[in-house]
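Take a look at the structure set out below.
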Amino acid sequence: MTTGQLAAQPLSEVEIGRIRADFPLLRRTVRGGRPLVYLDSGATSQKPRVVLDAEREFYERHNAAVHRGAHQLAEEATDAFEGARATVARFLGADPGEVVFTKNGTEGLNLLAYAFSNAGAPGALDGVDESWAQRLRLGPGDEVVVTEMEHHANLVPWQELCRRTGATLRWIGVDDDGELDVARLDEVVGERTRVVALTHVSNVLGTVNDLGPGSPVVAAARAVGALVVVDACQSAPHLDIRPLTAADSGVDALVFTGHKTLGPSGVGVLWARRRLLEAMPPFLTGGSMIEVVRMEGSTYAPPPAKFEAGVPMAAQAVGLAAGLDYLTEVGLDRVHAHDQQLMRHTLDVMADRPWLRVLGPQDPQRRIGAVAFVADGVHPHDVGQVLDDSGVAVRTGHHCAWPLHRRLRVPASTRASFGIYTSLGEIEALAEALDRVPDIFGLAG
Amino acid sequence: MDLYGELILDHAKRPQHAGLREPYDVEVNHVNPTCGDEISLRVHLDTVAGGAQDGAAVLRDVSYDALGCSISVASASVLAEETLGRPVAQTLQTYRHLHAMLTSRGADPGDAEQIGDAVAFAGVAKYPARVKCALLPWTAYLDALARAGADISAASERPEGA
Numbered sequence: 006m007t008t009g010q011l012a013a014q015p016l017s018e019v020e021i022g023r024i025r026a027d028f029p030l031l032r033r034t035v036r037g038g039r040p041l042v043y044l045d046s047g048a049t050s051q052k053p054r055v056v057l058d059a060e061r062e063f064y065e066r067h068n069a070a071v072h073r074g075a076h077q078l079a080e081e082a083t084d085a086f087e088g089a090r091a092t093v094a095r096f097l098g099a100d101p102g103e104v105v106f107t108k109n110g111t112e113g114l115n116l117l118a119y120a121f122s123n124a125g126a127p128g129a130l131d132g133v134d135e136s137w138a139q140r141l142r143l144g145p146g147d148e149v150v151v152t153e154m155e156h157h158a159n160l161v162p163w164q165e166l167c168r169r170t171g172a173t174l175r176w177i178g179v180d181d182d183g184e185l186d187v188a189r190l191d192e193v194v195g196e197r198t199r200v201v202a203l204t205h206v207s208n209v210l211g212t213v214n215d216l217g218p219g220s221p222v223v224a225a226a227r228a229v230g231a232l233v234v235v236d237a238c239q240s241a242p243h244l245d246i247r248p249l250t251a252a253d254s255g256v257d258a259l260v261f262t263g264h265k266t267l268g269p270s271g272v273g274v275l276w277a278r279r280r281l282l283e284a285m286p287p288f289l290t291g292g293s294m295i296e297v298v299r300m301e302g303s304t305y306a307p308p309p310a311k312f313e314a315g316v317p318m319a320a321q322a323v324g325l326a327a328g329l330d331y332l333t334e335v336g337l338d339r340v341h342a343h344d345q346q347l348m349r350h351t352l353d354v355m356a357d358r359p360w361l362r363v364l365g366p367q368d369p370q371r372r373i374g375a376v377a378f379v380a381d382g383v384h385p386h387d388v389g390q391v392l393d394d395s396g397v398a399v400r401t402g403h404h405c406a407w408p409l410h411r412r413l414r415v416p417a418s419t420r421a422s423f424g425i426y427t428s429l430g431e432i433e434a435l436a437e438a439l440d441r442v443p444d445i446f447g448l449a450g
Numbered sequence: 075m076d077l078y079g080e081l082i083l084d085h086a087k088r089p090q091h092a093g094l095r096e097p098y099d100v101e102v103n104h105v106n107p108t109c110g111d112e113i114s115l116r117v118h119l120d121t122v123a124g125g126a127q128d129g130a131a132v133l134r135d136v137s138y139d140a141l142g143c144s145i146s147v148a149s150a151s152v153l154a155e156e157t158l159g160r161p162v163a164q165t166l167q168t169y170r171h172l173h174a175m176l177t178s179r180g181a182d183p184g185d186a187e188q189i190g191d192a193v194a195f196a197g198v199a200k201y202p203a204r205v206k207c208a209l210l211p212w213t214a215y216l217d218a219l220a221r222a223g224a225d226i227s228a229a230s231e232r233p234e235g236a
């Protein structure tokens, strides 16, 4: 939290009630008539009616293949799609030309990783400024740095990139409190580092990694000319991420996904600096992304089209834009303040129950959106099952962050995660449901 | 909750025949990649000499180390009870009946005469996400049998009467 600014007010109970009324799914019951308590927004968010309406309206009124067709509908569909790009750009504080639509966050990260390995192909960097070409060519001796808290989506593509190019994967460790071990940063990031890819917010621990001015990781990467790639999938629904795209942020690219950010599934966003996008070879190829095609070979359109092969997910992009507008209208400062209130309350609930142990930072201000925990002597899957029986939807397992769980010496965890519509009453419902666990499994509660 | 019957909780807290033992023919390691549950399982086969069962393969030992939820640990414990000392062919029949019950979405209550204590897992069938937990030890068991050279083709036949 920045001091010296007026702190935003958390959402009031009345406001939360109004927001909840916009999400039709939240009204349903589960498991024999119990009210749904949806605490799995870290996996996917529910969608407000405006998102569903936007998608439906696109199909009912404007549906056509984007960037093709000589007719009015094609024009309208293209306008809707490009309008969605402009909305995403506003949400990011970026230029629309730097916004690439992808299938999801995972595809965005693969698109980046493949740009590096494709750069090694003969002719792939023809016409690219040599200083940029050098940054993209990767081979033995070069190093790619990730962190031990990454979602598999920001780990496996880089492992594969290293396998393809002969580069070495290194990682910044995580300490027992679930924070990046920045004290040993200079042992990991060095002259050979070409890419540093890290998450903004841990999808398990909720840990917020410092990427602001003075960020040790960003500074270390910049000092050696490494590109900084940020996975913003967990921060975009909760935080104003515009500072990450500011001219002097030191961040070169970021991804987020639509379905966690009130939007539909099937759409995600890659943002990268124009110079980088211009230098990067394409990932998926085919229609839409070309300039001139001959049997002997082809040239490619400028970005972002270069990275959007095939007919794009126009209705989903339009839906995502409606979701982002919804977040912006509520105000991300207030969404964040709301999240902080939920976080404090959830950590209190956990602290009152000595048989529960919260993973990650204990300071609510160091976290966002998610609380993963373990119960003494009860497997997370069993905890989740008891919660589900009470209508409380959480996630159990390793949450696609297996190495992080291994590091914290737990096989798995149970995770409650919040959305803009999560109420304090739902945290109370979580607490009540948790209290059934000791009874069922014979713990001294 | 109908899922956590006393029998399952008892087996989960005190898994029978747990721990990896010597001698053994084959050890397999299986994981459930969505939740990280793991099992190491060993089988030790023997061949009956003489009598009506002459030449039949029997389980001299089944030992395991299971790390996971109560459903998967209890399932490993029941598996050991239902297979130890039995002919391979009989255990495959047990598996077939158990598999049919677990994948019935609750329609098949299970037959205690065929699957013994494993009827306690009938409630699991109503929770598709947990069926994998209950099947993990059995999948490992079939894999171990196959690697040990046993004929497991009977495992995929439909149980009689199903």
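Listed in order, the protein sequences are those of chains W and L.
Converting from the first sequence to my numbering requires adding 5 to each position, the first position being numbered 1.
Converting from the second sequence to my numbering requires adding 74 to each position, the first position being numbered 1.
All residues carry an ideal CB built from backbone N, CA and C; glycine is no exception.
Closest by C-alpha distance to residue i, when choosing among the options
i       : options                               : result
V213(W) : V194(W), R199(W), A225(W) and L244(W) : L244(W)
R25(W)  : R61(W), E148(W) and Y331(W)           : Y331(W)
A150(L) : E187(L), G93(L) and T177(L)           : G93(L)
E80(W)  : A202(W), V105(W) and A319(W)          : A319(W)
L153(L) : G79(L), Y78(L) and P211(L)            : P211(L)
G128(W) : V105(W), Y43(W), Y305(W) and A310(W)  : Y305(W)
A224(L) : T165(L), D76(L) and V147(L)           : T165(L)
A314(W) : P287(W), L409(W) and G183(W)          : P287(W)
L117(W) : F96(W), R140(W), R95(W) and A375(W)   : R140(W)
A126(L) : S146(L), D139(L), P161(L) and Y138(L) : P161(L)
A199(L) : T213(L), Q188(L) and L176(L)          : L176(L)
A251(W) : R441(W), L16(W), R95(W) and Q51(W)    : R95(W)
T266(W) : A375(W), L259(W) and A241(W)          : A241(W)
P369(W) : F28(W), R142(W) and T351(W)           : T351(W)
F28(W)  : R54(W), P385(W), P40(W) and D147(W)   : R54(W)
D353(W) : I432(W), G291(W) and M300(W)          : I432(W)
Those residues which DSSP pairs with residue i across a bridge
i       : result
T34(W)  : P40(W)
V179(W) : L185(W)
V274(W) : F106(W) and F261(W)
T304(W) : V297(W)
D191(W) : Note: D191(W) sits in no beta bridge, so no partner.
G93(L)  : Y138(L)
D45(W)  : S422(W)
Neighbourhood of residue i by C-beta distance below 6 Å, restricted to the same chain and skipping five residues each side
i       : result
N103(L) : S114
A70(W)  : V316
L3(W)   : No answer is possible for residue 3(W): it lies beyond the span of chain W, which begins at 6 and ends at 450.
V323(W) : A59, F63, A85 and A89
L325(W) : G263, G268 and V272
E231(L) : none
L130(W) : A124 and A138
A375(W) : G47, G211, R420 and S422
T427(W) : L347
A82(W)  : H67, A69, V71 and A319
A218(L) : V100, V102, L115 and V117
Coil, strand or helix - residue i by DSSP
i       : result
V442(W) : helix
R299(W) : strand
T290(W) : coil
G328(W) : helix
T198(W) : strand
L281(W) : helix
T8(W)   : Low confidence applies here, because T8(W) scores a pLDDT of 43, under 50, leaving its location unreliable; read the following figure in that light. Of the three classes helix, strand and coil, the one that applies to T8(W) here is coil, per DSSP.
L174(W) : strand
V316(W) : coil
M348(W) : helix
R179(L) : coil
P202(L) : helix
V19(W)  : helix
D225(L) : coil
Beta-carbon contacts of residue i that lie in its chain and below 7 Å, excluding the five residues immediately before and after
i       : result
E112(W) : G273
D99(L)  : V117, H118, L119 and A222
A181(L) : none
R280(W) : W137
Sequence-distant residues of its chain with Cβ nearer than 8 Å to residue i (five each side left out)
i       : result
R400(W) : D45, G47, A48, G389, T419, R420 and S422
T121(L) : G129, A130, A131 and V132
H341(W) : A13, H243, L244, D245 and I373
L364(W) : G183, V209, L210, A377, F378, V379, L413, V415 and S418
Q.
Just to confirm the assignment: which complete beta strand (DSSP E) runs, minimum length 3, are found wholly within the region 354-435 of chain W?
A. 361-363, 375-380, 400-402 and 418-422
Q: Could you tell me which uninterrupted alpha helix (DSSP H) segments, each at least 4 residues in length, are contained entirely in the region 201-268 of chain W, listed from first to last along the chain?
A: 221-228 and 247-250
**Q.** Within the region 98-176 of chain L, ranges of the alpha helix (DSSP H) (whole runs, at least 4 residues)
**A.** 144-157 and 162-176
Q.
Please give me, in chain order, every unbroken run of the alpha helix (DSSP H) with length at least 4 that falls completely inside the region 90-172 of chain W.
A. 110-123, 135-141 and 161-170
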